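Positions 929 to 1385 (my numbering) are the ones given, in order, by the sequence shown. No residue lacks a Cβ here, since even glycine has one placed at the ideal position from N, Cα and C. Treat the numbers as computed from the prediction; the structure is a model and nothing was measured. Input: a single structure, listed below in structure tokens.
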Amino acid sequence: MSGADWVITGDIVTMDAERAIVSGGAVAVADGKIAAVGKADELRAQYPGTPERGSAESLVVPGFVNAHQHLTADRLVASAIPDDLPPGAAIFEWIVPLHEYVTGDDDELTTTLGLIEAAANGITTTIDAGTVAHPDRVAQAMAAVGVRGAVGRWGSDADGLPQSAPAPEVIDAQRDLIERYPPGGLVETSVTLVGHDLMSDDLVTAAADLARSTGRRLSFHLSPTPDDAARYLERTGHRPLVHLDRLGVLGPSVLVGHAVHVDEAEVEALVRTGTAVASCPWAYLRLGQGLTKRFAHLDLWRRGGRLSLGCDTENAGDAVDGLRAAALFAGLAKDTAGDPTEFGAHHAFELLTIAGAEAVGMADRIGSLEHGKAADIVIVDRSGPAWQPPSPDPILQLVWAGGGRSVTDVFVDGRLVVDGGRCTTVDTDSLRSEARRAVQQIMARSGIRPHSRWPMR
């Protein structure tokens, strides 16, 4: 009998096809993979002497998938951007000017900080929503923290954007990046465009061809507000997703960030083509973008579309906490529909795990605790007051009352990257002073001046 590296004990939420929960169970981990899932006593006997994590009070779940996260620069103004700005101001008066002054050191630092927070909250896979200038530094940070993820270089051929270039040059830059990070490792790449109406038809079709020919994901932003639809209708005579469908861009390898303001024909195109959507509910509420006017993401889910959850960015979401996003999505689904019976915590938890993994094209590797999959595993401590008394339905309690603060240990590819709530791979104490220096320096370079609304005395 070959040995195991870890035996992780607790109530095991497998997220397998039957959504089975193994009470008093365990997961055996060997060589970065899940070697077995079963009762704790049986796995202890099968792998005697193996180091253990967890306890009878632990809840053991698959690592969470964050399908849309901006990792660079924005954290330097985290929770500093006012929440009562007019539409677009958080981006064009704060974030875009900030990126003009960001260094590679800044991008690696902010990525490291964001991924440490994500991992401590149980997020083991992060899809970068687009790096403006330094994707290799983002990849270095992912590798240093030890989490799984995909890096993307922002591409646009529109005038006036940082790093914008003619379509052939954008495609060459995308190809160069994906060739440097072959598939199969913890850090991979996506073909990544800014999106909106900041990509010509030539660019988006070439990007889709590149993604399909290399087996990569194509991701871009679209329709968080009604503005994209208005521009596409004026330019093409069709709404954005209908137009992209007519171009042959949509398909199973495409992940659209947002798609909030879409109509029935666009939802139909998403479902028919198997195109996935990353929903970032906290961003839409913080920015007042009108998610609840129709909540097309619920329509997409009802029709069997591919849907995932994201935490977005510090100009919109502020917290990198997947469980927080899942609870909000479930609550919005109930309230917008005026029907508490249709969608709940269990559906939202699927979006955070196995359904999210499927949406980003990784369900063969992650999203559930099953033999042969990567050992991306989260241990939740249920010994504290918030968990007393323990619920007979742990997912209800985890989504509605748990949150990332209950996570204690996190494994990625079988490696312990969070131990007792602390990152094991990076010296987080040294990052505090580094982050404070970086903020002061970029404020001096950019002229941006965050301030407190209420007087500081």
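Contact annotation: arginine 1103 and leucine 1138 have beta-carbon atoms nearer than 8 Å. In the structure shown, the three-state DSSP call for threonine 1120 is strand. Taking every protein chain shown into account, the CB of tryptophan 1082 has 16 or more other CB atoms within 10 angstroms, so this residue is buried. Beta-bridge pairing by DSSP links alanine 1078 to Ile1055, Glu1116. Taking all protein chains shown into account, tryptophan 1382 has fewer than 16 neighbouring C-beta atoms within 10 Å of its C-beta and is therefore exposed. The continuous alpha helix (DSSP H) containing lysine 1262 extends over residues 1250–1265. Residue state for arginine 1333 is assigned as helix, using DSSP reduced to three classes.
Minimum Cα-Cα distance from valine 1030 among the listed residues Pro1090, Arg1360, Thr1336 corresponds to Pro1090.
In this structure, leucine 1344 lies near aspartate 1337, with their beta-carbon atoms less than 8 Å apart. Scanning its chain for C-beta atoms nearer than 6 Å, with the 5 sequence neighbours on each side dropped, one finds around alanine 1211 the residues Asp1240, Ala1244, Gly1245, in chain order. Taking 8 Å as the cut-off, the beta carbon of isoleucine 1294 is found no closer than this to the beta carbon of phenylalanine 1339.
For a cut-off of 8 Å, the C-beta gap from alanine 1067 to threonine 1353 is around 15 Å, too long to register as a contact.
Here lysine 1301 is buried. Its C-beta has 16 or more other C-beta atoms within 10 Å. If you look at glutamine 997, you'll find it isn't in any alpha helix (DSSP H); it sits in the beta strand (DSSP E) that goes 992–997. Counting along the chain, serine 1358 sits inside no beta strand (DSSP E); it lies in the alpha helix (DSSP H) bounded by residues 1356–1374. Rounded to whole angstroms, the separation of the alpha carbons of aspartate 1033 and threonine 1220 is 39 Å.
The three-state secondary structure of valine 1327, taken from DSSP, is helix. In its chain, beyond the 5 residues on either side, Val1205, Ser1207, Leu1235 have a beta carbon closer than 7 Å to the beta carbon of histidine 1225.
Per the Cβ contact rule, the segment 1193–1204 is in contact with the segment 1166–1174 (3 or more Cβ pairs under 8 Å).
The segment 1101–1179 contains, as complete alpha helix (DSSP H) runs of 4+ residues, the segments 1129–1142, 1155–1164, 1168–1175 (chain order). Residue pairing by DSSP places histidine 1225 in no beta bridge whatsoever. The residues Val1073, Cys1351, Val1354, Thr1356, in chain order, have a CB closer than 7 Å to that of isoleucine 1044 in the same chain once the five nearest residues on each side in sequence are set aside. The alpha helix (DSSP H) runs of length 4 or more contained entirely in the segment 1014–1062 are, from start to end of the chain, 1024–1027, 1032–1048. Inter-residue distance for leucine 1013 and serine 1361 is about 30 Å (C-alpha atoms, whole angstroms). When Ala1006, Ala995, Thr937 are compared, the shortest CA-CA separation from lysine 967 is found for Thr937.
Annotated three-state conformation of glutamate 1298 is coil, per DSSP.
With the rule of 3 Cβ pairs closer than 8 Å, the segment 1248–1257 counts as touching the segment 1040–1057. By DSSP's assignment, tryptophan 1315 forms no beta bridge with any residue.
Comparing alpha-carbon positions, the option among Arg1108, Ser1084, Tyr1109 lying closest to glutamate 1097 turns out to be Ser1084. Judged by DSSP in its simplified three-state form, glycine 1202 adopts coil rather than helix or strand.
The C-alpha of glycine 1218 is placed about 20 Å away from the C-alpha of leucine 1161.
Taking the C-beta atoms as reference points, valine 957 is found no nearer than 8 Å to glycine 1330. The Cβ atoms of alanine 1046 and asparagine 994 lie closer than 8 Å to each other. Taking 8 Å as the cut-off, the Cβ atoms of arginine 1145 and leucine 1114 do not count as close. Distance between methionine 1070 and threonine 1269, taken at the CA atoms: about 39 Å. For alanine 1303, there is no enclosing beta strand (DSSP E), as DSSP marks it with neither H nor E.
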